[in-house]
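Asks: In the working numbering, the protein residues as written are 367 to 939.
I have a structure I would like to understand better, so I am pasting it below and will then ask my questions one at a time.
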Amino acid sequence: MAGTDTNRDSKEASNLITTPSGDAIPPFTPHSVTFHIHSWATLIYLVENPEKGMAALRSTYPRFGPWALVKELTGAVASDYIEKDQGCLLFGSKDSALACRDFVMSEKRGDKKMQSEEVHVKAFDFRIRLWAVVFPAKKTEAAIPFWQDAGTGISSRIAKECLDRCHLLKPVDDLTDGKDRLSTDSSAFEIVKSRIAENLNRSPISARPRSVASTDVFLYPTGMAAIYQLQRYLNNSGVRPGTTILFGFVFHSTPHVYKQWSSAFKWFGRGNEDLDNLEAFCASEQKAGRPIQALWTEYPSNPNLRVHDLTRLKALADEHGILLIIDETISSFCNVDLVDVADVLITSLTKSFSGYADVMGGSIVLNPNSKHHDSLSEICRKGFINEYFTGDVEALEQNSRDYLERSRRLNANAYAIATYLDSFVKDPNSPISKIAYPSIGPDAQHYKAFMRPSTPDFTPGYGCLLSIELESIDTAIAFYDNLHVHQGPHLGAHRTPAMPYVRALHYKEMDWVKECGMSDRMVRVSAGLEGTENLLGVFEVAVEKAREAKAAGEKGDQAVEEAGHVRPNLVSG
367 MAGTDTNRDS KEASNLITTP SGDAIPPFTP HSVTFHIHSW ATLIYLVENP
417 EKGMAALRST YPRFGPWALV KELTGAVASD YIEKDQGCLL FGSKDSALAC
467 RDFVMSEKRG DKKMQSEEVH VKAFDFRIRL WAVVFPAKKT EAAIPFWQDA
517 GTGISSRIAK ECLDRCHLLK PVDDLTDGKD RLSTDSSAFE IVKSRIAENL
567 NRSPISARPR SVASTDVFLY PTGMAAIYQL QRYLNNSGVR PGTTILFGFV
617 FHSTPHVYKQ WSSAFKWFGR GNEDLDNLEA FCASEQKAGR PIQALWTEYP
667 SNPNLRVHDL TRLKALADEH GILLIIDETI SSFCNVDLVD VADVLITSLT
717 KSFSGYADVM GGSIVLNPNS KHHDSLSEIC RKGFINEYFT GDVEALEQNS
767 RDYLERSRRL NANAYAIATY LDSFVKDPNS PISKIAYPSI GPDAQHYKAF
817 MRPSTPDFTP GYGCLLSIEL ESIDTAIAFY DNLHVHQGPH LGAHRTPAMP
867 YVRALHYKEM DWVKECGMSD RMVRVSAGLE GTENLLGVFE VAVEKAREAK
917 AAGEKGDQAV EEAGHVRPNL VSG
């Protein structure tokens with residue numbers, strides 16, 4: 367990929383991103399779930415100054431908080447039916463409203479705990495029934511974590527539907543009339559569930575007694591809602607008590623669920639290096655008579671793309687009667703067959719299954735051949751209350767029609783980028799120190815063990831996500847600021863976004879993150895559907911800019927050393 371300076375300059379000019387900072391990744395819709403913030407320094411500043419950060423956005427990820435249409439609807443409800451010094455959050459079910467109320471009054475909220483007389487649940491009809499949790503406006507910040515971590519707040523499509531019917535808005539006096547959840551009166555629900563089941567059953571690694579049925583699939587408004595609700599189902603069942611174990615590093619919000627809603631929580635964050643410690647912990651808990659409810663893990667992990675030894679985890683779970691719950695969002699179920707190893711599969715459908723960054727969704731899938739299937743099925747059916755809006759399910763159904771074709775292109779682009787960048791790692795003059803991708807390194811064997819066999823219509827790959835570790839903060843910034851893709855969170859979308867994920871989301875816990883094998887010099891990239899050669903040209907420019915920064919830094923260090931001084935690090939890592 368090496369070229370002349372003139373060639374690099376022309377590539378840089380032709381690939382510049384024109385999306386204004388704060389806008390959604392194109393094409394913009396009122397239901398976009400992305401935003402673009404140009405430059406490392408700007409993103410870090412806005413992350414560390416959240417009020418200014420939110421003010422700078424014209425689009426955002428819906429779980430960050432009520433936004434745009436949702437915020438407008440919340441204001442409309444509040445202005446007519448809630449006192450001026452009160453705030454509220456809106457939900458599509460009574461169950462989530464009551465859970466939010468319990469959350470803000472929980473002892474786990476510490477000094478942010480609200481008193482029972484401060485919190486009220488109200489209901490409103492727009493023909494659609496919505497539920498409001500009302501509390502002092504000055505304490506809104508204490509309630510927002512429920513919206514973010516439980517993921518059950520109303521969507522922009524619900525808000526649009528209700529805003530169009532604001533003339534019908536009326537408070538509900540009888541909160542026990544049975545209208546406590548959203549309707550499932552659309553064929554899209556069954557189509558999506560069947561499509562998920564079909565993809566889980568296609569090209570299995572080996573024959574299985576029972577195939578996944580649509581009745582084994584449960585749909586949720588977000589991926590986090592699927593995680594949160596399954597944790598609640600297990601807690602409330604009375605038959606699955608015990609400690610929640612999290613194995614490996616995971617998505618930023620996931621541990622919040624276990625810390626808030628599990629009876630006890632143990633986290634082994636280093637992945638395969640912690641397997642011996644995990645086995646010793648399970649043995650000691652069994653000896654002490656303390657049950658373990660479930661072992662949760664991601665496959666691969668986000669953002670460091672570690673692929674855990676599922677064979678060993680499965681054997682451990684079976685030995686101790688523990689549920690093995692796997693979030694396979696990153697690998698995506700078209701690429702890997704985890705049905706036989708997991709008791710439960712979790713997926714954020716917002717990502718590559720949807721693929722167009724304009725609708726949220728999540729799923730729980732039960733392994734029909736698990737010895738726990740019947741009890742889990744009963745637990746899930748008893749606990750399930752639909753909170754997924756018909757309009758969102760219909761959008762997801764339309765988006766996911768080309769799931770396999772998009773996945774083929776996502777796989778190919780990510781593999782090409784990872785392979786190209788990995789070619790620099792052994793070069794001592796390279797600014798690239800490590801590439802994290804499932805096809806690279808000792809973890810690759812654990813991924814290949816669960817790849818689906820190829821078929822005429824689809825060859826499985828390694829997913830859309832990779833992380834790049836630069837050799838210094840200076841080279842990381844130079845690489846990122848000259849990487850002409852969209853910059854911000856999200857993965858599995860039609861366009862390629864990148865972000866300094868670790869530095870942005872874990873800056874308050876860097877010591878712990880480094881213990882788990884990650885660095886603040888990492889840049890996470892989710893390959894999109896752009897042309898492969900075009901993307902490689904974009905990354906070539908970024909590598910060369912980082913190489914220039916490395917060379918300049920080395921010259922500066924040498925000059926400072928000769929002068930007997932230490933050069934200060936002007937950029938905080």
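The beta carbon of each residue, even a glycine, is placed where N, CA and C say it ideally should be.
Fair warning: this is a prediction, and the values are worked out from it, not measured in the lab.
(1) With 16 other CB atoms within 10 Å as the buried threshold, where does P396 fall?
(2) If you measure between the beta carbons of V710 and K680, is that distance less than 8 angstroms?
(3) Report the three-state DSSP secondary structure of T713 (helix, strand or coil).
(4) Candidates Y594, A444, A509 and K450: which alpha carbon is nearest L535's?
(5) Looking only at DSSP bridge pairs, what is T663 linked to?
(6) Tell me the DSSP bridge mates of S521?
(7) Is Y769 near F719, with beta carbons less than 8 angstroms apart?
(8) Return the CA-CA distance between R574 and E564, expressed in angstroms with no decimal places.
(9) Grouping DSSP H, G and I as helix and E and B as strand, with all else coil, what is S650?
(10) Where does the unbroken alpha helix (DSSP H) through R890 begin, and where does it stop?
(11) Is there contact here, the segment 627-643 with the segment 586-605, by at least three beta-carbon pairs under 8 angstroms?
(12) Could you check what DSSP says for P396 in three-state terms: helix, strand or coil?
(13) DSSP three-state call for H486: helix, strand or coil?
(14) Tell me, please, whether the segment 486-503 touches the segment 393-413 by the rule of three or more beta-carbon pairs shorter than 8 angstroms.
(15) In the DSSP assignment, the beta strand (DSSP E) including R832 goes from what residue to what residue?
(16) Give me the Cβ distance between I894 and H860, rounded to the nearest whole Å; I'm assuming they're in contact under 8 angstroms.
(17) Could you check what DSSP says for V583 in three-state terms: helix, strand or coil?
(18) Tell me whether V605 is buried or exposed, calling it buried when 16 or more other Cβ atoms sit within 10 Å of its Cβ.
(19) So what's C700 in DSSP terms, helix, strand or just coil?
(20) What is the DSSP secondary structure of P416, counted as helix, strand or coil?
(21) Could you tell me the alpha carbon to alpha carbon distance between G829 and R429, rounded to whole angstroms?
(22) Excluding the five sequence neighbours on either side, which residues of its own chain have a C-beta within less than 6 angstroms of the C-beta of A867, listed in chain order?
(23) Give the C-beta separation of A592 and I712 to the nearest angstrom, bearing in mind that I take them to be a contact with Cβ-Cβ under 8 angstroms.
(24) Roughly how many angstroms lie between the CA atoms of K814 and A844, to the nearest whole one?
(25) What separation, rounded to the nearest whole angstrom, lies between the Cα atoms of K792 and A390?
(26) Does DSSP classify F634 as helix, strand or coil?
(27) Between Q595, F634, Q597 and P511, which lies nearest to G614 when the distance is taken from Cα to Cα?
(28) Leaving out the 5 sequence neighbours to the left and right, which residues in its chain are closer than 8 angstroms to Y781 when beta-carbon positions are compared?
(29) When DSSP labels each residue in this structure, what does D539 get in the three-state scheme?
(30) W497 by DSSP, collapsed to three states: which one?
(31) Apply the 10 Å Cβ neighbour rule to R531 and answer buried if 16 or more other Cβ atoms are within range, or exposed otherwise.
(32) Determine the DSSP secondary structure at G727, reduced to helix, strand or coil.
(33) Report the rounded CA-to-CA distance for P794 versus K916, giving the unit in angstroms.
(34) Is DSSP giving P657 helix, strand or coil here?
(35) With DSSP collapsed to three states, give me the class of H351.
(36) Nearest by alpha-carbon distance to G431: which of A723, W513 and H533 is it?
Replies: Quick answer:
(1) P396 should be labelled exposed.
(2) No.
(3) Annotated three-state conformation of T713 is strand, per DSSP.
(4) With distances taken between Cα atoms, L535 lies closest to A444.
(5) According to the DSSP secondary-structure assignment, T663 is paired through a beta bridge with F613 and I692.
(6) Beta-bridge annotation (DSSP): S521 is not paired with any residue.
(7) Going by C-beta atoms, Y769 is nearer than 8 angstroms to F719.
(8) C-alpha separation (whole angstroms): 14 angstroms.
(9) For S650, the secondary structure class from DSSP, reduced to helix, strand or coil, is helix.
(10) Per DSSP, R890 lies in no alpha helix (DSSP H) segment; the continuous beta strand (DSSP E) that holds it begins and ends at M888 to S892.
(11) Yes: at least three Cβ pairs fall under 8 angstroms.
(12) It is coil, neither helix nor strand.
(13) Strand, per DSSP.
(14) No, the segment 486-503 does not touch the segment 393-413.
(15) It is Leu, not Arg, that sits at residue 832 in the sequence shown. Counted as a single uninterrupted DSSP element, the beta strand (DSSP E) harbouring L832 occupies residues L831 to L836.
(16) Checking the sequence, you will find Gly at residue 894 rather than Ile. Contact between G894 and H860 holds: their C-beta atoms lie close to 6 angstroms from each other, under 8 angstroms.
(17) V583: strand per DSSP, three-state reduction.
(18) Result: exposed.
(19) Residue state, collapsed to three classes: coil.
(20) In the structure shown, P416 adopts helical secondary structure according to DSSP, grouped into three states.
(21) So the alpha carbons of these two residues sit roughly 24 angstroms apart.
(22) Correcting the residue type first, residue 867 is Tyr in the shown sequence and not Ala. Correct list, in chain order: P669 and R890.
(23) Going by Cβ atoms, the distance from A592 to I712 rounds to 5 angstroms, so yes, they are a contact pair.
(24) Straight-line Cα distance between these residues: approximately 34 angstroms.
(25) Rounded to whole angstroms, K792 to A390 spans 37 angstroms at the Cα level.
(26) Under the three-state reduction of DSSP, F634 is assigned to strand.
(27) Ranking the options by Cα distance to G614, first place goes to F634.
(28) Closer than 8 angstroms at Cβ, skipping near neighbours: Y803, S805, G827 and Y828.
(29) Three-state result, D539: coil.
(30) In this structure, W497 counts as strand in the three-state DSSP scheme.
(31) Burial call: exposed.
(32) G727: coil per DSSP, three-state reduction.
(33) Rounded to the nearest whole angstrom, the C-alpha separation of P794 and K916 is 11 angstroms.
(34) In this structure, P657 counts as coil in the three-state DSSP scheme.
(35) As shown, the chain starts at 367 and ends at 939. That puts residue 351 outside it, with no answer to give.
(36) Ranking A723, W513 and H533 by Cα distance to G431 puts W513 first.
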